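Quick note: the sequence shown, position 75, residue 75 per my numbering, numbers continuous. Ideal Cβ placement from N, Cα and C applies to all residues, glycine included. Just so it is clear, the structure is predicted and the values come from calculations on it, not from any experiment.
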Amino acid sequence: MCGRFACAVLCCAVLCCAVLCCAVLCCAPLICAPRERYDYQVRNTTAKLAELGLVALGGAVGTLARYLLNELIGEVDWLPLGVLIINLSGAFLLGALLEAVALRGPDTGARRKARLLLGTGVLGGYTTYSLLAADIAAMFDHGQMLAGTAYGLATLVFGGLASWFGILVAKSLRGRGRIDSNPSTGASS
Numbered sequence: 001m002c003g004r005f006a007c008a009v010l011c012c013a014v015l016c017c018a019v020l021c022c023a024v025l026c027c028a029p030l031i032c033a034p035r036e037r038y039d040y041q042v043r044n045t046t047a048k049l050a051e052l053g054l055v056a057l058g059g060a061v062g063t064l065a066r067y068l069l070n071e072l073i074g075e076v077d078w079l080p081l082g083v084l085i086i087n088l089s090g091a092f093l094l095g096a097l098l099e100a101v102a103l104r105g106p107d108t109g110a111r112r113k114a115r116l117l118l119g120t121g122v123l124g125g126y127t128t129y130s131l132l133a134a135d136i137a138a139m140f141d142h143g144q145m146l147a148g149t150a151y152g153l154a155t156l157v158f159g160g161l162a163s164w165f166g167i168l169v170a171k172s173l174r175g176r177g178r179i180d181s182n183p184s185t186g187a188s189s
């Protein structure tokens, strides 16, 4: 049991690192792209459908990652560890992503597309409120009222802390010059 838990934590860490590395490698050109110079107030239907497609594509990838990771980790005793790790790692990654994108400038153009694909799509599909609620309801059904309440509250509190930590990591990377803070010149601060 303890070995399974350690294996699950290690697998989760490896998967999170792999997802983050892929996101950085695939979307760095989107996030670091220079600002486009056309009016974003006038968006046509094609642009909106393209954005919807980005969210759908990202959602499919995130949902598949969640399913596979949850199947790999599963539950440990009464605790739905897979769902807990998924939601906490997703909160961290979302905090880091949104801060990194915000540090680059307004939510337009390539930054908006990266946010929609990775944030709303991948991480929205990866994290799961419905499984959290179902797991809490199952705990309540089995008479584990205190455990269900503690699990729900811990997920919310530690999820908020994970998001905050993700924001701090993104700010730290900016301070080290890894996130370009001046998108018009391409120079790091």
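Between Lys171 and the rest of its own chain, which residues show a CB-CB distance below 7 Å, the 5 nearest in sequence each way excluded?
Glu99
Who are the Cβ neighbours of Pro29 in its own chain at under 7 Å, not counting the five residues just before and after it?
Any reading at Pro29 must be qualified, since the residue scores a pLDDT of 49, below 50, and its modelled position is unreliable; the value itself is stated next. Correct list: empty, nothing qualifies.
Ordered along the chain, which non-local residues of its own chain (more than five positions away) have a Cβ less than 7 Å from that of Thr149?
So no residue of the chain qualifies.
Exposed or buried, what is Ser130 when buried is set at 16 or more other beta-carbons lying within 10 Å of its beta-carbon?
exposed
Under the DSSP definition of a beta bridge, which residues are partnered with Leu69?
Per DSSP, none; premise fails for Leu69.
Would you say Val55 and Thr127 are within 8 Å of each other, going by their C-beta atoms?
no
Look at the Cβ atom of Val61, then the Cβ atom of Val122, and state whether they are nearer than 8 Å.
yes
Give me the DSSP bridge partner(s) of Leu79.
Residue pairing for Leu79: DSSP places it in a beta bridge opposite Val76.
Going straight from the alpha carbon of Leu173 to that of Gly124, what length do you get?
24 Å
Quick check: what's the CA-CA separation for Val76 versus Tyr151?
13 Å
Let me know if Leu132 comes out buried or exposed under the rule of 16 or more other beta-carbons within 10 Å of its beta-carbon.
With 16 or more other Cβ atoms within 10 Å, it is buried.
Leaving out five residues on either side along the sequence, give the residues of the same chain with a beta carbon under 8 Å from the beta carbon of Arg115.
Leu97, Leu98, Val101 and Asp107
Got a sec? Which residues, its chain only, sit under 8 Å from Ser163 by beta carbon, not counting five neighbours each side?
Ala91, Phe92, Leu94 and Gly95
Residues in its own chain within less than 7 Å of Arg256 by CB, not counting five upstream and five downstream?
The shown model of the chain, from 1 to 189, leaves out residue 256, and the question about it has no answer.
Just to confirm my understanding: we take Ala147, look at its own chain, exclude 5 residues before and 5 after, and list those with CB closer than 7 Å. What are they?
Spatial neighbours of Ala147 in its own chain (CB-CB distance under 7 Å, excluding positions within 5 residues in sequence) are listed in chain order as Trp78 and Met139.
Considering only their Cβ atoms, is the gap separating Leu88 from Gly159 smaller than 8 Å?
In terms of Cβ geometry, Gly159 and Leu88 form a close pair [threshold 8 Å].
Going straight from the alpha carbon of Ala134 to that of Met145, what length do you get?
Answer to the nearest angstrom: the Cα atoms are 13 Å apart.
In whole angstroms, what is the alpha-carbon distance linking Tyr40 and Ile136?
Reliability fails at Tyr40, whose pLDDT of 46 lies under 50, so the model's placement of it is uncertain and the value that follows must be treated cautiously. Looking at the two C-alpha atoms, the distance is approximately 43 Å.
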